[in-house]
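Novice: This is the structure I want to talk about, given as C-alpha cells.
2 protein chains.
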Amino acid sequence: MTYEAVIIALADPTRRRIFESLRVKSKTVGELAEEQPVSRPAVSQHLKVLKNAELVRVEAKGNRRIYSMEKKGLESLRRYLDTFWSDALEAYGQEIFRRIENDEL
Amino acid sequence: MTYEAVIIALADPTRRRIFESLRVKSKTVGELAEEQPVSRPAVSQHLKVLKNAELVRVEAKGNRRIYSMEKKGLESLRRYLDTFWSDALEAYGQEIFRRIENDEL
DNA sequence: CAGCTTCGTAAGTCATAACTTACCGTAAGC
DNA sequence: GCTTACGGTAAGTTATGACTTACGAAGCTG
Chain U
0 MTYEAVIIAL ADPTRRRIFE SLRVKSKTVG ELAEEQPVSR PAVSQHLKVL
50 KNAELVRVEA KGNRRIYSME KKGLESLRRY LDTFWSDALE AYGQEIFRRI
100 ENDEL
Chain X
0 MTYEAVIIAL ADPTRRRIFE SLRVKSKTVG ELAEEQPVSR PAVSQHLKVL
50 KNAELVRVEA KGNRRIYSME KKGLESLRRY LDTFWSDALE AYGQEIFRRI
100 ENDEL
C-alpha cells in the first residue's frame, strides 16, 4: 500500500514543486530551499515525506546531502492507476449502470 | 493542470474508498454513505471534490443522484505521471548527477 | 396538498499537517 | 582548535480540510 504515501506526498503543492525541481537536476537542501517560498527546515520536512514515499533518494557528499529523483514511488502509483483499466471490471460496472438506468435494479 | 485536483481528491482515504466503491457499480449518495463510517453530508462533500476532479459523474434519476466512475480524471493523472518517463530528461538528469558525484559542478 | 425521502449547502468544531524559530550535531576551512 | 556552513529535529503556531448538526430545496407517494 505504498501508493498511498505517494499520493499524499504529491498532494502538497510545495512538495510537488520540490519533486519536479529535482526532475531537472539533483540538488542540495539549501539549493532547493532557495527556489521555494518556504524556510529551509520546511524543505527538510517535505524531503522526509518524499523520501518515505520513495520519490527521492539522498546521497551524502561531505557536509551536504544531495537529493535526486527516485522513480520507485511513481511506479507504484502508476500500478495502482493501471488496475482501474481492467476490462472485466469495466464491463461489469457498465452492465450494472445500464440496469439502474432501466429500473431493473 | 487538472491532474492536481485528481491527486488532491485521491489523497483522502475516505474519498479513495468512495471512489473505489464505485468501481464495482454505480450507487446513490445514500448507498455510498451506508458503506462509509462518516455522515451522508460528508459523503456529499467528498463527491463534490471527486466530481470536480472528473473522477465521478452524476446522473439525476428522479429524487436520487446516481454516481458512477469517470475515467477522465485518472487519465489526466496518468498523463502527468508519464511525463516523468521521458528519456531525454532521464539522460540529462543522470548526466548532471554524475557531474556532481565527480565534483565537476 | 401533506408528509416523507433524497441530497446538497451552510455554519461551526476539531484534528491534522504545513509552517515558523530555536537548537543541535557534523563536516569543512582557516 | 575555532569558526562557519549545512541540514536534521523539536516545539509551538497557524491554516486547512474533514467532519458534525441544522436547514432547505426538489421530487415521489398516498
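Chains U and X, in that order, are what the protein sequence lines are. Just so we're aligned, residue 0 is where the first sequence starts under numbering that gives the first Met the number 0, counting upward by one. Just so we're aligned, residue 0 is where the second sequence starts under numbering that gives the first Met the number 0, counting upward by one. Note that CB positions come from ideal geometry on N, CA and C, so glycine has one too.
Could you spell out where the alpha helix (DSSP H) holding S75/U opens and where it closes?
Specialist: 71-81
Novice: In chain order, what residues of the same chain have a beta carbon less than 7 angstroms from the beta carbon of S21/X, not counting five sequence neighbours either side?
Specialist: Here residue 21/X turns out to be Leu, not Ser, going by the sequence shown. Result list for L21/X: V55, Y66, S67, M68, in chain order.
Novice: Assign A52/U to one of two classes, buried (16 or more other C-beta atoms within 10 Å of its C-beta) or exposed (fewer than that).
Specialist: buried
Novice: If you draw a straight line from the alpha carbon of P36/X to that of R15/X, how long is it in whole angstroms?
Specialist: Between P36/X and R15/X, the C-alpha separation is close to 13 angstroms.
Novice: Grouping DSSP H, G and I as helix and E and B as strand, with all else coil, what is A8/X?
Specialist: For A8/X, the three-state secondary structure derived from DSSP is helix.
Novice: Candidates T82/X, H45/X, K70/X, K26/X: which alpha carbon is nearest A59/X's?
Specialist: K26/X
Novice: Looking at the strands, I want to know which residues DSSP matches up with S67/U.
Specialist: R56/U
Novice: For a test of the three-state rule: what should DSSP assign to K24/U, helix, strand or coil?
Specialist: coil
Novice: DSSP on N51/U, reduced to helix/strand/coil?
Specialist: Judged by DSSP in its simplified three-state form, N51/U adopts helix.
Novice: List the whole-angstrom C-beta distance separating I6/U from A10/X, where the pair is believed to meet the contact cut-off of C-beta under 8 angstroms.
Specialist: 5 angstroms
Novice: Would you say L9/U reaches chain X, if we count a Cβ-Cβ gap shorter than 8 angstroms as a contact?
Specialist: yes
Novice: Drop a sphere of 10 angstroms on the beta-carbon of V23/U, count the other beta-carbons inside from all chains shown, and report buried for 16 or more, exposed for fewer.
Specialist: Exposed, because fewer than 16 other Cβ atoms sit within 10 Å of the Cβ of V23/U.
Novice: Taking Cβ positions only, does L49/U come closer than 8 angstroms to chain X?
Specialist: no
Novice: Assign W84/X to buried or exposed, taking buried as 16 or more other Cβ atoms, counted over all protein chains shown, within 10 Å of its Cβ.
Specialist: exposed
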